[in-house]
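Visitor: For the sequence shown, our numbering gives the first residue as 4, with consecutive numbering after it.
Where is the CB? At the ideal position from N, CA and C, for every residue including glycine.
So that we are looking at the same thing, I have put the structure below in structure tokens.
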Amino acid sequence: MSNIEVRTVDVVQYLKPLREGGSLPAIVEADDEFLYVLKFRGAGQGKKALIAELIGGLLAKAIGLNVPEVVFMNLDDSFSKTEPDEEIQDLLKFSVGLNLGLHFLSGAITYDPLVSEADSYSASKVVLLDSLINNIDRTAKNTNLLNWNRELWLIDHGASLYFHHNWKNWRDYLPRTFPNVKDHVLLAKANHLPEASLDIREAIDKAKITEIISVIPEEWLTEEDMELTPGEKRSAYQEFLNAKLDKIDVLAKEALDAK
């Protein structure tokens with residue numbers, strides 16, 4: 004039984020699309036009267052992007068980084084019937100069921116590497132988190148970071164764990180490191196990588212990884228042309244993350260060398 008609780012809410016109002024996101028997420032209101040950024044299961048990368056978002060967010064929270072609350076969001080079929088925009092209509096139609104939402108941080112500002120603040124210890128943790136989950140999408144071009152209430156917040160981990168787009172050869176990714184760290188937007192500020200790696204090792208162990216993986220909804224692990232069963236996929240996510248965690252010192256050195 005997992006100690007990690009992810010709430011489930013119902014979408015009650017579709018407010019507006021966020022067109023700067025390639026997968027066309029939207030701001031919605033839920034039945035708890037809060038606003039969320041809704042990530043759709045019917046978008047380009049489908050349920051795999053939601054799994055990466057969920058795992059990335061829960062790992063970030065476990066190591067003490069700021070992430071908006073992650074929730075499961077039920078979407079019914081009524082929204083597609085009243086949406087005039089055909090593209091959005093299709094997205095809503097293919098996303099009926101369980102989706103993922105992130106609490107909307109009202110008034111947050113997109114992180115700008117030239118002017119925004121990020122303390123060195125947090126920067127070091129973010130760099131190592133992204134090395135662990137192979138997040139290729141935290142560059143100066145697209146930071147996926149926000150400044151809110153004078154703090155750094157992490158959003159959008161959907162491009163992480165890209166090994167799951169290739170189940171046939173997923174084990175090939177186990178021994179790999181993360182050369183893309185050289186392009187990380189926070190690398191220049193990450194001056195505490197060895198200390199941060201110790202911190203992460205204390206915060207996350209195999210039991211915590213198992214706990215996080217157990218939270219993935221079963222329906223997100225099923226596909227029509229399945230090469231692996233849902234249980235085998237859970238085991239694969241666990242094995243991948245444990246392999247990366249075992250290499251955290253190597254990943255920290257790779258990031259240091261890239262600096």
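Could you pull out every residue in the same chain whose Cβ sits closer than 8 Å to the Cβ of TRP156, ignoring the five residues on either side in sequence?
Guide: Cβ within range, chain order: ASN69, VAL70, PRO71, LEU108, ALA111, LEU148, LEU149 and ASN150.
Visitor: Against chain B, with Cβ distances strictly below 8 Å, would ARG179 count as a contact?
Guide: No chain B appears in the structure shown, which is made up of a single protein chain.
Visitor: Can you tell me whether ARG44 is buried or exposed? The criterion is at least 16 other CB atoms within 10 Å of its CB, across all chains shown.
Guide: Burial call: buried.
Visitor: Hey, how far is the Cα of SER238 from the Cα of GLN92?
Guide: Taking the straight line from one Cα to the other gives about 35 Å.
Visitor: So what does PRO20 bridge to, in DSSP terms?
Guide: Its beta-bridge partners are ALA29.
Visitor: Would LEU193 pass as a contact of ALA126 if the rule is Cβ separation under 8 Å?
Guide: One point to set straight first is that residue 193 is Ala, not Leu, in the sequence displayed. Taking 8 Å as the Cβ cut-off, ALA193 and ALA126 qualify as a contacting pair.
Visitor: Pop quiz: PRO178 and ALA255 are said to be a contact at Cβ under 8 Å. What is the actual Cβ separation, rounded to whole angstroms?
Guide: In fact, because the Cβ distance is near 17 Å, the residues do not count as touching under 8 Å.
Visitor: Comparing alpha-carbon positions, which option in ALA206, ALA261, LEU27 and VAL218 lies nearest THR11?
Guide: It is VAL218.
Visitor: Tell me the residue span of the beta strand (DSSP E) that contains VAL74.
Guide: Run containing VAL74: 73-78, per the beta strand (DSSP E) assignment.
Visitor: What would DSSP say about LYS42, mapped onto helix, strand or coil?
Guide: In this structure, LYS42 counts as strand in the three-state DSSP scheme.
Visitor: How is THR232 classed by DSSP in three states: helix, strand or coil?
Guide: In this structure, THR232 counts as coil in the three-state DSSP scheme.
Visitor: Taking Cβ to Cβ, would you say MET76 is nearer than 8 Å to LEU41?
Guide: In this structure, LEU41 lies closer than 8 Å to MET76 by Cβ.
Visitor: Write down every uninterrupted run of the alpha helix (DSSP H) in the stretch 49-105 whose length is 4 residues or greater and which is fully enclosed by it, in chain order.
Guide: Runs of the alpha helix (DSSP H) inside the stretch 49-105: 49-65, 81-85 and 89-96.
Visitor: Does the structure place the stretch 245-252 close enough to the stretch 200-214 that three or more beta carbon pairs sit under 8 Å?
Guide: These segments touch.
Visitor: Give the secondary structure of ASP140 by DSSP, where H, G and I count as helix, E and B as strand, and everything else as coil.
Guide: Coil.
Visitor: Starting from the C-beta of GLU120, find all residues in its chain whose C-beta is less than 8 Å away, skip the five residues before and the five after it, and write them out in chain order.
Guide: For GLU120, where only same-chain residues beyond five positions count, the Cβ hits under 8 Å are ASN150, ARG153 and LEU155.
Visitor: Out of curiosity, what's the CA-to-CA distance linking LEU201 and LEU164?
Guide: Each residue's alpha carbon lies about 22 Å from the other.
Visitor: Whole angstroms are fine: how far does the CA of THR146 sit from the CA of LEU135?
Guide: Each residue's alpha carbon lies about 17 Å from the other.
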